[in-house]
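Visitor: Got a structure for you, questions after.
Protein chains: 2
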Amino acid sequence: MSAYSSRIAIVNITPCGTCFTPRVSQNEIFPVTATIFSEKTDVITAYINITDRSSNLLFKKEMELTNLGRDVFTAYLEFDNIGIKTFTIFAFIDEYKTWAKRSKIKMNAGQDELLVNQEGYILLQRIKNEAKDRDSLAKIDAAIEKVYAGKTSVYEVLITDEFAEIFRIYPLFTLSTESQSNCFEVKRQLAGFSAWYQFFPRSIGAIKHLDGRITQGTLKTAAEHLDYAKDLGFDIVYLGPVNPIGTAFRKGKNNAIQAEADDVGSPWAIGSNAGGHDALNPDLGTAKDFKNFIKKAHELGLEVSIDLALQASPDHPWVKTHPEWFTLRADGTIAYAENPPKKYQDIYPINFDNDPEGIRDEIIRIIEHWAELGVSVIRVDNPHTKPLWMWEYVIKKVHETYPEVIFLAEAFTRPPMMEALGKIGYEQLHSYFPWRNTKQEVEEYLRTVNSSASFFGYSTFWTSTPDILTEFLVKGDVNAHKIRAILAAMGSVTWGMYSGYEFVENVQREGFEEHIDSEKYEIKFRDYDKADEHGIASLVRLLNEIRKNNPALWSQHNLAVHKTDNASVVCFSKSVPLKNDMRNTIITVANLNFAKEKHAKIKFDLKKIGIDATRRKQKTLLVKDLFTNETFDWDFSISLDPKKDVARIFEVISYAN
Amino acid sequence: MSAYSSRIAIVNITPCGTCFTPRVSQNEIFPVTATIFSEKTDVITAYINITDRSSNLLFKKEMELTNLGRDVFTAYLEFDNIGIKTFTIFAFIDEYKTWAKRSKIKMNAGQDELLVNQEGYILLQRIKNEAKDRDSLAKIDAAIEKVYAGKTSVYEVLITDEFAEIFRIYPLFTLSTESQSNCFEVKRQLAGFSAWYQFFPRSIGAIKHLDGRITQGTLKTAAEHLDYAKDLGFDIVYLGPVNPIGTAFRKGKNNAIQAEADDVGSPWAIGSNAGGHDALNPDLGTAKDFKNFIKKAHELGLEVSIDLALQASPDHPWVKTHPEWFTLRADGTIAYAENPPKKYQDIYPINFDNDPEGIRDEIIRIIEHWAELGVSVIRVDNPHTKPLWMWEYVIKKVHETYPEVIFLAEAFTRPPMMEALGKIGYEQLHSYFPWRNTKQEVEEYLRTVNSSASFFGYSTFWTSTPDILTEFLVKGDVNAHKIRAILAAMGSVTWGMYSGYEFVENVQREGFEEHIDSEKYEIKFRDYDKADEHGIASLVRLLNEIRKNNPALWSQHNLAVHKTDNASVVCFSKSVPLKNDMRNTIITVANLNFAKEKHAKIKFDLKKIGIDATRRKQKTLLVKDLFTNETFDWDFSISLDPKKDVARIFEVISYAN
C-alpha cells in the first residue's frame with residue numbers, strides 16, 4: 042500500500058518526518074506543501090488538519106494550489122506555542138467547485154443550459170441537507186424560493202460568492218482521502234531566529250601595564266560588554282570555551298609551537314590541574330562571577346553560549362582519571378591529534394569507541410552542569426569528528442531536562458555529515474557562507490540554505506571567525522564587511538559576528554586564511570566606545586533592528602532570488618503572508634563589487650512575493666528604503682556606488698502599483 | 042533508530058525500494074550508489090553484497106569512492122537473469138588502507154619511522170591469523186622471515202601491491218556496518234531496451250481501386266510488413282487498437298465531426314456490435330490471422346504491441362451489458378467525454394468508481410486474453426485518467442501469469458502522475474521528448490530522464506505521433522527528422538517511430554500540432570520499397586544497429602552532457618564499464634540547427650567516461666566515427682554542416698591519448 046493506492050494521491054508532503062522530526066521555530070511563518078492529484082480533471086480541495094497527540098482536530102486551514110503544473114498545494118502556518126505538532130492532509134473532489142468551473146465555461150459558450158441547471162439543482166438540494174447554521178439555511182431557502190418563483194436560474198444562484206462561501210463551509214465531496222499522520226516540532230524562537238555576537242571575556246577590561254605586562258579581563262569586567270552587545274541588537278553572546286587552559290605544549294601567539302611564559306593559550310586546549318570540561322577557568326573568575334554574568338545577560342534579554350570542545354590538553358584530569366578515553370599508540374604513548382604530516386601535540390582527541398557509554402554520560406553531565414548555571418546555547422566544536430549516535434542520544438537526553446538548550450554545530454566538513462548533524466538534533470549549523478562570495482555562489486547558496494533543508498537545521502551565517510578571514514574581506518575592507526554583514530543578516534534567520542568584525546579587523550596571518558594576532562592566542566584591546574565611529578557598528582545595529590521588525594526575516598523557507606542583468610548585483614526577497622490578508626516582504630539588493638558603482642535592472646518575480654497572476658505585469662512597487670526611511674515607487678532598477686552604498690533594503694509598502 | 046545511529050552512516054542508497062521496487066533490465070550495466078561516511082578520517086571500504094531471498098550471499102563487489110566531496114561510493118552491476126535481487130551495503134574502517142595512507146605521508150616526510158613499523162608489525166601478525174589460502178600464507182611467512190633477517194622493513198613489505206591484495210582478500214576491519222536490505226527487480230531486456238515501430242495494419246497492402254474505392258489491408262497483408270520492421274532493426278511492432286470500431290458519431294477524415302460512408306474511423310473509438318475490447322476488428326481478419334501474424338513476428342524476433350484504450354464508443358457491448366460502468370448525467374443520458382467547451386460524443390469514458398472491482402477484473406481478463414494470443418507489450422492509452430490503484434493491481438496480477446508482458450503508459454500529463462505511473466508498475470512511459478527541441482531543453486531533458494528516475498520507468502522517446510507533429514519537424518524537414526531520430530535513439534534506451542516518419546511526412550493540419558490526413562482516420566498508401574531512397578530509413582537502420590552493438594546504450598543511468606561553446610551544438614556521452622577493465626563509450630554530437638553549419642569546441646568531461654584523474658588533461662581521444670567507420674584522434678571540436686551531416690556518433694576506441 043502506497044500513497045498512490047489512495048483515491049487521491051497526497052505525496053511529497055513537506056516538512057516530512059519519516060526518520061527525523063522536522064523543526065520550525067515559534068512565530069516562524071512557514072509553508073507546508075504537498076503534491077496532490079488524481080486521475081480526474083475535477084477540482085481538488087485540500088486542507089491541512091492540525092491535530093493533537095490524540096489525533097483530535099485542533100484547527101484546519103485550506104491549502105492553495107500554488108503550482109498547477111506540478112500539482113503542488115501550500116498552506117502557511119505559524120505557531121506561538123512550542124512542542125510537537127501532528128497533522129494530516131485531507132483532500133477531496135470538490136463537487137461544487139467542479140460544477141462551477143465547468144458550468145461557467147459551458148454557459149459562456151451557450152452550451153447545455155438545461156443540464157447545468159439540472160446538475161445545480163441536485164447540488165442545491167444536497168447543500169440544504171448539509172448546512173447547519175441558521176444564516177446559511179436562510180440563504181439557501183431564499184434561493185430555492187426565488188428559483189421556484191422563476192425569478193432566477195439555479196445557475197445564477199449557485200455561481201455567487203455567497204454560495205461559494207456556503208459550499209466552502211459545508212463542502213460536498215467525493216473520493217475524500219486523508220494522508221497519514223505527520224509531525225514537526227515548534228522550537229522556541231531563538232532556535233531559529235538569532236543574532237550571535239562572540240567575544241573573549243579575557244579581552245574585555247584587560248589592562249596593559251606600563252611595563253608591558255597584561256592583566257587579563259574576567260567575567261566581572263566582561264559583564265560590562267553585555268550592554269554593548271545588547272545595544273547592537275544581538276540575542277546571543279558567545280564566549281568560546283570557559284574551561285581551564287592546558288599548559289603542556291601550549292601554543293603561543295599566532296599559533297606558535299612554543300608559547301612565551303606570559304602567553305594565555307588557546308581556550309580550545311581544554312583542561313589543566315584546575316579542572317576539565319566542567320570547570321571554570323580560574324583566570325576568568327569564580328562560580329559566582331559566572332552566575333552574575335549570566336544574570337546580567339538575562340536581565341538584558343541576552344542568552345549566553347559557551348563552547349563544548351570535546352578534546353583534552355595533556356594536562357586534562359581525564360588523562361589520569363580516564364586514560365582509556367584516549368587512544369594508545371603502538372609505542373605505548375597517548376595519541377595526540379594528527380593530520381599527517383601535521384601534528385597537534387597540545388591536543389589529545391577522545392576515542393569514543395573505547396568506552397562509548399561512559400564518555401557519552403560524562404558529556405551529558407558536563408552539558409547539564411552548564412545548563413543548570415544558565416547557559417542556554419551550546420556551540421559544539423567539531424561535532425563531525427565524534428559519533429553521530431552519541432549526539433543523537435546526548436541532545437535528546439539534555440532536552441528532556443533542559444528543553445531550552447540550543448545546539449550549534451561548528452562543523453566544516455562535507456555536506457552529508459552536516460546534513461546528518463542537523464537531522465539528528467542540532468538546531469543550528471555552521472555553514473559554507475564565508476566562502477560564497479561571487480554572484481553565482483551567493484545566489485546558489487541562498488537558494489540551497491533557504492529550502493526544505495532548513496526543517497532539519499538552520500544554517501548560521503558567520504561573517505568571519507578568528508580562523509576564517511577570506512580574501513574578499515581582506516581586499517574589500519569596510520565595504521566588503523558591510524556587504525557580508527548585510528548578506529548574512531538578511532540571507533539567513535541566524536547570523537553571527539566575532540568581536541573585531543565591527544572594527545573591520547582584516548589582516549591575514551601570512552599564508553593562512555585567518556586573522557593575524559588571532560584573539561584565540563592573545564588578549565586584544567579595542568576601544569568599543571568608538572565602534573560606532575570607526576567601523577560598521579551602526580550598520581550592524583540597523584540590520585538587527587530590521588530583522589526584529591520584519592516577520593519575513595524569521596523564516597528560512599521564503600527566500601526568492603531575482604535575476605539581475607549585472608554580474609555583480611544580487612537581489613533577493615523574503616516574504617510571508619500575515620493574518621488578515623496582510624503580507625510582509627523585505628527585498629535586499631546588493632552590489633558585490635566593493636569598489637565600483639554598478640547599475641542593474643532586476644527581473645523581479647512578483648509571484649514570489651504573493652502577487653497574483655492578474656497583477657504580475659505591474660512595473661513598480663511602492664517600497665520603503667529601510668536605510669533612509671524614504672518611501673517611493675521602485676521600478677526594479679538599482680544603482681549602487683560603494684562609495685555611498687553597497688546595498689539597499691526595501692520593505693514593500695503596497696502590493697498594488 | 043536511523044541509519045545515522047549505525048557506526049558508519051550508509052544513506053541515500055540508490056536504487057532504493059522503500060515503497061516501490063526499482064527496476065533495471067537484463068544486461069543493463071547500472072550503478073548502485075550510496076553516501077557512506079563516519080566521523081573518522083580513516084579510510085572506508087565498502088562492498089555491495091548481493092543476496093538471495095534467504096539473505097545468503099550470492100556475490101559481492103567492492104564499491105569505488107566516486108565522489109570524495111560528497112562521500113559517494115559506486116559499484117556497477119549487471120545481471121543476465123531476471124527476477125528480484127536483494128542486497129545490502131557493507132562498509133568498514135579499513136585498518137590496512139588507513140595505516141598505508143597515513144604511513145606513506147609520514148615516511149615521505151621522514152616522520153615517525155619507528156611507530157609506523159611498530160603499527161605495521163601488528164597488522165602483519167593479524168593478517169597472518171586471518172589469511173586462509175596457502176599462497177597468501179606463504180607470502181606472509183616469507184615477508185616475516187625477511188623482516189626478521191633485517192633485509193627489509195615492515196613498512197616496505199606491507200606497502201607493496203602484493204600485500205594490498207592480501208589485505209583486500211582478508212580485510213582487517215573495525216566499525217563494520219551493514220545497511221538494511223534493499224532490492225530491485227531485473228526485468229527482461231526489452232522492458233528497458235527497445236525500438237518501437239508503429240504501423241496501422243489496415244494501411245499495409247490496402248488497395249485503391251480505379252473507381253476510388255479502397256480495400257483496406259488486413260493482418261494477412263500486414264504480416265508482410267514485419268520483414269520491413271525487422272530490416273530497420275526494430276524490436277517491437279505496435280499496431281494501435283485492433284478492436285472493432287464504433288459507428289455512432291464516427292469521426293471522419295481529419296477528425297471531421299461527420300464521417301463519410303466509407304470512412305474507416307479511428308481505432309480508438311472502441312466497440313461495435315462485432316464486440317468490444319476482447320474482440321478483433323473483423324475487417325482486420327480472423328483470430329487465425331492474428332495468430333499467424335504474431336507467429337511470423339516471433340519468428341523474426343519481433344514482439345507485438347497493441348493498445349489498451351479504456352473507453353467505449355456508443356456501440357460498445359458494455360453500454361448495454363454494463364451501463365453502470367459509465368456515468369449517468371443529471372438528464373438521464375450517458376455522459377460522453379468532455380473538456381468544456383469541447384465535446385467528444387463518440388467516446389463514453391468509463392466511470393471506475395461505479396463498480397471498481399468489476400471493471401478492474403474485466404481489464405485483467407482483456408489483457409490476459411491478448412497475452413494468451415502472444416501480445417507481449419501493451420501500450421495503454423491515457424492511463425493517467427484511470428485510478429492508480431487499479432493499474433497497480435492490474436499490472437501485478439497480469440505479471441503473476443504473464444511476467445513477460447511490458448506496459449507502456451501513453452500519458453501526457455503533469456509530472457507527478459507520470460512519476461506515479463512508473464512507480465506503480467509501468468515499465469515504459471511516454472515522455473515530453475517531442476517538445477524538447479532547443480539546446481537547453483534537450484540537455485536538461487536528457488539529464489532528467491537519464492537519472493535515478495529511470496529505476497521507476499524508462500522514458501520512451503517517440504520522434505512524433507499522428508497527434509504530435511511539432512514545428513521543429515515541419516520547418517526542419519529531412520534534417521530535423523534526422524536530428525530527432527538521432528537524439529531519440531541515442532538519448533534513451535527506448536525510442537519509437539510511427540510509420541511515415543521515415544518518409545518525412547510532415548504537413549500539419551492547419552491550426553493543430555498534428556498530421557494532416559492523419560492515419561488515425563484514414564488508410565495511407567506508401568511505397569515502402571522506396572523508403573531507403575526517399576527518406577531516412579538507412580539512418581534509422583544504422584541507429585538501431587549501433588544501439589544493439591553498444592552496451593553503453595542499454596542503460597539509462599550513464600548519460601553525461603558535455604558543454605559546448607555553440608548555442609546549437611549538443612554533445613552527450615553514454616559510457617559503461619565492462620568486464621576485464623574494458624569500457625564501452627558512445628559519444629553523440631548534434632547540430633540542432635537544421636539549416637546552418639555550426640562549429641563547436643566541446644568541453645569534454647573525461648571523468649564521465651571513466652578516465653581517471655591522472656589522465657584528464659589529455660587533449661584528444663581515439664574514436665571511431667560510426668557513420669563512416671573512420672578511426673581518428675578527436676580533438677573535441679566539431680563542424681557540422683546539415684547539408685552533409687546533422688550529427689556524428691563516435692565510439693571511443695582508446696581511453697589513453
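Order-wise, the sequence lines are chains A and B.
If you use the numbering used here, the first sequence closes out at 698, no skipped numbers anywhere.
If you use the numbering used here, the second sequence closes out at 698, no skipped numbers anywhere.
The beta-carbon is built from N, C-alpha and C at its ideal position, and this holds for glycine as well.
Note that the structure is predicted; figures quoted are calculated from it, not measured.
Got a sec, what are the start and stop residues for the alpha helix (DSSP H) residue 597 of chain A sits in?
Guide: Residue 597 of chain A -> no alpha helix (DSSP H), and no H or E assigned at all.
Visitor: Please list the residues of the region 407-434 of chain A that have a C-beta atom closer than 7 Å to any C-beta atom in chain B, keeping them in chain order.
Guide: Answer set for the region 407-434 of chain A: 425, 426, 427, 428, 429, 430 and 433.
Visitor: What is the residue span of the alpha helix (DSSP H) that residue 704 of chain B lies within?
Guide: Only positions 42 to 698 of chain B appear in the structure, and residue 704 of chain B is not among them; the question remains open.
Visitor: Which residues, taken in chain order from the region 75-95 of chain A, show a beta carbon closer than 9 Å to some beta carbon of chain B?
Guide: Hits within the stretch, in order: 76, 77, 78, 79, 80, 81 and 82.
Visitor: State the DSSP-derived secondary structure class of residue 377 of chain A, mapped to helix, strand or coil.
Guide: DSSP places residue 377 of chain A in coil when its eight states are reduced to three.
Visitor: May I ask you to list, following chain order, the residues of the region 434-457 of chain B that have a beta carbon less than 8 Å from some beta carbon of chain A?
Guide: Answer set for the region 434-457 of chain B: 455, 456 and 457.
Visitor: Spell out the partners DSSP gives residue 268 of chain B in its beta bridges.
Guide: Partner(s): none; residue 268 of chain B has no beta bridge.
Visitor: Which two residues bound the contiguous beta strand (DSSP E) that contains residue 88 of chain A?
Guide: First-last of the beta strand (DSSP E) with residue 88 of chain A: 85-92.
Visitor: Check whether the Cβ atoms of residue 128 of chain A and residue 92 of chain A lie closer than 8 Å to each other.
Guide: Yes, these two residues count as a Cβ contact at 8 Å.
Visitor: Please go through the same chain and pick out, in chain order, the residues whose beta-carbon is closer than 8 Å to the beta-carbon of residue 336 of chain B, but skip the five residues on each side of it.
Guide: These residues qualify, in order along the chain: 415.
Visitor: What's the call for residue 318 of chain B, buried or exposed, on a 16-neighbour Cβ count within 10 Å?
Guide: Buried, by the Cβ-count rule.
Visitor: Going by beta carbon distance, what residues of the same chain come within less than 6 Å of residue 412 of chain A, once the five residues before and after it are set aside?
Guide: Cβ neighbours of residue 412 of chain A beyond the five flanking positions: 443 and 446.
Visitor: Could you give the first and the last residue of the continuous alpha helix (DSSP H) run that contains residue 519 of chain A?
Guide: Start and end: 512-532.
Visitor: Exposed or buried, what is residue 527 of chain A when buried is set at 16 or more other beta-carbons lying within 10 Å of its beta-carbon?
Guide: Classification of residue 527 of chain A: buried, given that the 10 Å Cβ count is 16 or more.
Visitor: In terms of DSSP beta bridges, what is residue 575 of chain B paired with?
Guide: BP columns for residue 575 of chain B are empty, so no partner.
Visitor: Between the C-alpha atoms of residue 667 of chain B and residue 524 of chain B, what's the straight-line distance to the nearest angstrom?
Guide: The straight-line gap from Cα to Cα measures roughly 16 Å.
Visitor: Would you verify that the beta carbon of residue 159 of chain A is, or is not, closer than 8 Å to some beta carbon of chain B?
Guide: Yes, contact with chain B.
Visitor: Can you tell me where the beta strand (DSSP E) holding residue 463 of chain B begins and where it ends?
Guide: Per DSSP, residue 463 of chain B belongs to no beta strand (DSSP E); it is in the alpha helix (DSSP H), 456-465.
Visitor: If we cut at 8 Å on Cβ distances, does residue 50 of chain B have a partner in chain A?
Guide: True, the Cβ-Cβ gap to chain A drops below 8 Å.
Visitor: Taking the continuous beta strand (DSSP E) assigned at residue 538 of chain B, which residues delimit it?
Guide: 535-539 is the extent of the beta strand (DSSP E) around residue 538 of chain B.
Visitor: How would you list, in chain order, the residues of chain A whose beta-carbon sits under 8 Å from the beta-carbon of residue 156 of chain B?
Guide: Those are 370, 371 and 372, listed as they occur along chain A.
Visitor: Nearest-angstrom Cα distance between residue 49 of chain A and residue 218 of chain A?
Guide: If you take the alpha carbons of residue 49 of chain A and residue 218 of chain A, they lie about 6 Å apart.
Visitor: Distance cutoff 8 Å, beta carbons only. Does residue 60 of chain A sit that close to anything in chain B?
Guide: True, the Cβ-Cβ gap to chain B drops below 8 Å.
Visitor: Mind checking which residues open and close the alpha helix (DSSP H) that includes residue 204 of chain B?
Guide: Counting along the chain, the alpha helix (DSSP H) containing residue 204 of chain B begins and ends at 202-210.
Visitor: So which of B/259, B/72 and B/513 has the shortest CA-CA distance to residue 56 of chain B?
Guide: Ranking the options by Cα distance to residue 56 of chain B, first place goes to B/72.
Visitor: Among B/484, B/607, B/58 and B/694, which has the Cα closest to the Cα of residue 661 of chain B?
Guide: Measuring from the Cα of residue 661 of chain B, the nearest candidate turns out to be B/694.
Visitor: Residues of chain B with CB closer than 7 Å to the CB of residue 110 of chain A, please, in chain order.
Guide: Correct list: 455.
Visitor: Relative to chain A, which residues along the region 138-154 of chain B have a C-beta separation below 7 Å, given in chain order?
Guide: Those residues of the region 138-154 of chain B that come within reach of chain A (Cβ to Cβ, closer than 7 Å) are 143, 146, 147, 150 and 152.
Visitor: Against residue 464 of chain B, what residues of chain A qualify as contacts under a CB-to-CB distance less than 8 Å, listed in chain order?
Guide: Near residue 464 of chain B (Cβ distances below 8 Å), the residues of chain A are 43 and 45.
Visitor: In terms of residue numbering, what span does the alpha helix (DSSP H) encompassing residue 99 of chain B cover?
Guide: That residue, residue 99 of chain B, is in no alpha helix (DSSP H); its beta strand (DSSP E) goes 98-103.
Visitor: Determine the DSSP secondary structure at residue 221 of chain A, reduced to helix, strand or coil.
Guide: Here residue 221 of chain A sits in coil by DSSP.
Visitor: Using DSSP bridges, identify the partner residues of residue 115 of chain A.
Guide: DSSP output for residue 115 of chain A lists A/74 and A/105 as bridge partner(s).
Visitor: Strictly below 7 Å CB to CB, what residues from chain A border residue 56 of chain B?
Guide: Within 7 Å Cβ-Cβ: nothing; residue 56 of chain B doesn't reach chain A, min ~16 Å.
Visitor: For residue 699 of chain B, return the contacting residues in chain A, with the cut-off set at a CB-CB distance below 8 Å.
Guide: Residue 699 of chain B lies beyond the residue range present for chain B, which begins at 42 and ends at 698; the question has no answer from this structure.
Visitor: Can you check whether the C-beta of residue 688 of chain A is within less than 8 Å of a C-beta belonging to chain B?
Guide: Closer than 8 Å: no.
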